[in-house]
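Student: Pasting in a structure now, in structure tokens, and then I'll have a few things to ask.
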Amino acid sequence: MSSQIVRRRNRDRREHVDWKTKMGLDAVEIVMEVEESFEITIPEDRAVNVRTVGDLYAIVLDLTKDITRDHSVCVTAATFHLLRRHLIPHVTDAQSIRPSWRIADTLPLRGRQRLWARLGHELDLRMPPLQRPYWMTLTSILLTATAAWFCYATFAADNASGLGAFLGLLTIVFVGLVLAAVTKPFQLFPAKTYTDYRRPVTQIVALNYAKISEQHNSWNATDIWNVLQVIIVEQLGVKKEAVTPTANFVYDLGMN
Numbered sequence: 001m002s003s004q005i006v007r008r009r010n011r012d013r014r015e016h017v018d019w020k021t022k023m024g025l026d027a028v029e030i031v032m033e034v035e036e037s038f039e040i041t042i043p044e045d046r047a048v049n050v051r052t053v054g055d056l057y058a059i060v061l062d063l064t065k066d067i068t069r070d071h072s073v074c075v076t077a078a079t080f081h082l083l084r085r086h087l088i089p090h091v092t093d094a095q096s097i098r099p100s101w102r103i104a105d106t107l108p109l110r111g112r113q114r115l116w117a118r119l120g121h122e123l124d125l126r127m128p129p130l131q132r133p134y135w136m137t138l139t140s141i142l143l144t145a146t147a148a149w150f151c152y153a154t155f156a157a158d159n160a161s162g163l164g165a166f167l168g169l170l171t172i173v174f175v176g177l178v179l180a181a182v183t184k185p186f187q188l189f190p191a192k193t194y195t196d197y198r199r200p201v202t203q204i205v206a207l208n209y210a211k212i213s214e215q216h217n218s219w220n221a222t223d224i225w226n227v228l229q230v231i232i233v234e235q236l237g238v239k240k241e242a243v244t245p246t247a248n249f250v251y252d253l254g255m256n
């Protein structure tokens, strides 16, 4: 038996153990998002045997194989037109709402948070969350870490009893919650990757695929793959090009 075959078998064995013993937060988040988006329940005995993106894709296809609908409808285009109809009353120029136009240039900052929440309510869909400016998020993290370190250092003499560490953790929670509340009014910006309307519309479809596909009587394998890609990209922070059927979650996509 060649050493290459032995290495491949050893790797397969390690991958199998990884999914059974290392069902970390990344894996749990991906499974939960997939279940919610497609409105399915993935059995645990199947989830723990997933190694590649193709494995997960095959499970979703199998669990939705009994759904028979029109395969010719583009749910992404239909969702964009639906979103556009609801946005037109709130913008000064209806022509500015196009797939390639920047969200930041078309939606006014004033009232954007309320409008985003209203859209989710009117459409009855989960919306991708707006974000705080990057510098504000970074500053909040630094302030929280500084406050926690100060409390820990102040009570360092009591570390034997664990008081310093306890107060440090308590400070992280308290300061983090306070800063989250104080900076919430500035949560007005789409994610950096959402430069135009294409990405958030794709994300809306990914978050609500089962509901949207039912509304438009559409369900096909291509849409399922596209949605799965978006979910994995968002959860693991990898490039879309890296999410291929043969990509291993642990070794190729860096899943924890």
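Counted from 1, the sequence shown has number 91 at position 91 by the UniProt record's numbering; the numbering is strictly sequential. Where is the CB? At the ideal position from N, CA and C, for every residue including glycine. Keep in mind that this is a model prediction, so the values were computed, not measured.
(1) Would you decide whether residue 257 is buried or exposed? Buried here means 16 or more other CB atoms lie within 10 Å of its CB.
(2) Select from ASN256, LEU188, LYS240 and ASP45 the residue whose C-alpha is nearest the C-alpha of ASN226.
(3) Let me know if PHE150 comes out buried or exposed under the rule of 16 or more other beta-carbons within 10 Å of its beta-carbon.
(4) Under the rule that 16 or more other beta-carbon atoms within 10 Å means buried, what is GLN235, buried or exposed?
(5) For the alpha helix (DSSP H) that ARG112 lies in, which residues bound it at each end?
(6) Roughly how many whole angstroms lie between the Cα atoms of VAL205 and ILE231?
(7) So the candidates are ILE224, MET255 and TRP135; which of them puts its Cα closest to the Cα of GLU39?
(8) Can you tell me which of GLY176, TYR134 and VAL73 puts its alpha carbon nearest to the alpha carbon of ALA145?
(9) Can you tell me whether MET127 is helix, strand or coil according to DSSP?
(10) Can you tell me which residues form a DSSP beta bridge with PHE189?
(11) In the DSSP assignment, what residue or residues form a beta bridge with ASP196?
(12) Which residue marks the beginning of the alpha helix (DSSP H) containing LEU109, and which one marks its end?
(13) Suppose contacts are defined by Cβ-Cβ distances below 7 Å. Is THR79 in contact with VAL201 by that definition?
(14) Name the residue from SER100, ARG112, VAL238 and PRO185 whose alpha carbon lies nearest to the alpha carbon of TYR194.
Tutor: To lay it out plainly:
(1) Not covered by the structure: residue 257. The range shown for the chain is 1 to 256.
(2) For the purposes of this step, residue 226 is taken as the residue at position 226 of the sequence shown. Checking every option, the nearest Cα to that of ASN226 belongs to LYS240.
(3) Counting from one through the sequence shown, the residue named residue 150 turns up at place 150. Looking at its Cβ environment, which holds fewer than 16 other Cβ atoms inside 10 Å, PHE150 is exposed.
(4) Position 235 of the sequence shown, counted from the start, is the residue given in the question as residue 235. GLN235 comes out buried.
(5) Counting from one through the sequence shown, the residue named residue 112 turns up at place 112. Its alpha helix (DSSP H) spans residues 112 to 123.
(6) Indexing the sequence shown from 1 puts residue 205 at position 205. Indexing the sequence shown from 1 puts residue 231 at position 231. Using only the alpha carbons, I get a separation of about 10 Å.
(7) Numbered from 1 along the sequence shown, position 39 holds the residue referred to as residue 39. Considering only alpha carbons, the answer is ILE224.
(8) Here residue 145 refers to the residue found at position 145 when the sequence shown is read from its first residue. Residue GLY176 is the option with its Cα nearest to ALA145.
(9) Counting from 1 along the sequence shown, the entry for residue 127 is found at position 127. Coil.
(10) Translated into the one-based positions of the sequence shown, residue 189 becomes position 189. BP columns for PHE189 point to GLN131.
(11) If you number the sequence shown from 1, residue 196 lands on position 196. According to DSSP, which records beta bridges pairwise, ASP196 is partnered with ARG102.
(12) The sequence position of residue 109 within the sequence shown is 109, counting from 1. It is not in any alpha helix (DSSP H) - LEU109 carries neither H nor E in the DSSP assignment.
(13) Position 79 of the sequence shown holds residue 79. Position 201 of the sequence shown holds residue 201. Their beta carbons are under 7 Å apart, which means THR79 touches VAL201 by this criterion.
(14) Counting from one through the sequence shown, the residue named residue 194 turns up at place 194. Minimum Cα distance to TYR194 is reached at SER100.
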